[in-house]
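Worksheet: the structure to be examined is printed underneath.
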């Protein structure tokens, strides 16, 4: 069982549609990070959320940290082909042994 | 450009070969990491170095041997690997802040990875 479960594992949508990716755990994290990884590249940090209930926006991307700091979501509005990639959440804190622990990732494909 | 470079980008090796992966960071960070990314498995932390000292070995088999000669360079020496070791090996660096709770949780900057295939 993974410490962080991401769902869905794969998502294919048309350009202009909205999508939501979930990152869930039964453990509490001090912070949660979201990364995007494009083919042939390493993950790139998108955002870090640290406060329960926190909402952060990055253009068309909205990130939310659950009130209990056990889960997070990433919502993309009006997705574009450039949003295609592997989205990874990573939790930090005692539950993760004070290491950054990654979820299994959600592969997003936005078709033009 | 993330400031972390890795060479080679692709490597094919036999089980009896010895090879090395190289990582260099140009960000002035004090910590460097090796991760393994396999298909259908989460990103796995392998090793952590802080100020050239290894601070984490995440139960990695001895056929993987890390080396950190200075805070900018990190190597992963490979010998007698198995086909199941085929994966994307990612290097990352960060600026660990002393006293910050959860020392490895600062922002990590990843290199592009080395795609390793073991035949």
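Chains as they are written, first to last, in the numbering used here: chain S, 5 to 116; chain Y, 63 to 181. Glycine included, every Cβ here is placed at the ideal spot set by N, Cα and C. All of these numbers come straight from a predicted model, not from anything done at the bench.
Contact with chain S by residue i, beta-carbon distance below 8 Å
i, result
"residue 54 (chain Y)", "The requested residue 54 (chain Y) does not occur in the structure, where chain Y is confined to residues 63 to 181."
"residue 67 (chain Y)", "no"
"residue 175 (chain Y)", "yes"
Bridge-paired residues (DSSP) for residue i
i, result
"residue 89 (chain S)", "S:112"
"residue 103 (chain S)", "Paired residue(s): none; residue 103 (chain S) is not in a bridge."
"residue 112 (chain Y)", "Y:93, Y:115"
"residue 86 (chain Y)", "Y:67, Y:135"
"residue 28 (chain S)", "S:9, S:75"
"residue 61 (chain S)", "S:66"
"residue 95 (chain S)", "S:36, S:105"
"residue 16 (chain S)", "S:113"
"residue 176 (chain Y)", "Y:151"
"residue 99 (chain Y)", "Y:150"
C-beta neighbour in chain Y for residue i, strict 8 Å
i, result
"residue 78 (chain S)", "no"
"residue 4 (chain S)", "Residue numbering for chain S in the displayed model covers 5 to 116; residue 4 (chain S) lies beyond these limits and cannot be assessed."
Chain Y contact residues for residue i, given Cβ-Cβ distances below 9 Å
i, result
"residue 15 (chain S)", "None at all; the shortest Cβ gap to chain Y is about 16 Å."
"residue 92 (chain S)", "104, 105"
When the options are compared against residue i, the one with the closest alpha-carbon
i, options, result
"residue 73 (chain S)", "S:103, S:97, S:13, S:106", "S:97"
"residue 71 (chain Y)", "Y:140, Y:105, Y:150, Y:110", "Y:150"
"residue 10 (chain S)", "S:20, S:25, S:37, S:21", "S:25"
"residue 28 (chain S)", "S:15, S:93, S:103, S:18", "S:93"
"residue 177 (chain Y)", "Y:128, Y:134, Y:83", "Y:83"
"residue 119 (chain Y)", "S:103, S:65, S:21, S:71", "S:103"
"residue 144 (chain Y)", "Y:132, Y:126, Y:131", "Y:126"
"residue 67 (chain S)", "S:112, S:50, S:32", "S:50"
"residue 115 (chain Y)", "Y:88, Y:148, Y:94, Y:175", "Y:94"
"residue 82 (chain S)", "S:31, S:91, S:63, S:38", "S:63"
Chain-ordered neighbours of residue i on chain S, where CB pairs are closer than 7 Å
i, result
"residue 109 (chain Y)", "Within chain S, no residue comes near residue 109 (chain Y); the closest Cβ sits about 11 Å away, beyond 7 Å."
Within chain Y, partners of residue i - CB distance below 8 Å
i, result
"residue 43 (chain S)", "Chain Y residues near residue 43 (chain S): none, gap ~10 Å exceeds 8 Å."
"residue 70 (chain S)", "Near residue 70 (chain S) there are no residues of chain Y at all, since even the closest Cβ is about 18 Å away, more than 8 Å."
Partners in chain S for residue i, counting only beta-carbon separations shorter than 8 Å
i, result
"residue 152 (chain Y)", "46, 47"
Listed by chain order, chain Y residues near residue i by CB distance under 7 Å
i, result
"residue 107 (chain S)", "104"
Length at least 3, wholly inside the segment 118-163 of chain Y: the beta strand (DSSP E) runs in chain order: 126-132, 135-141, 149-156
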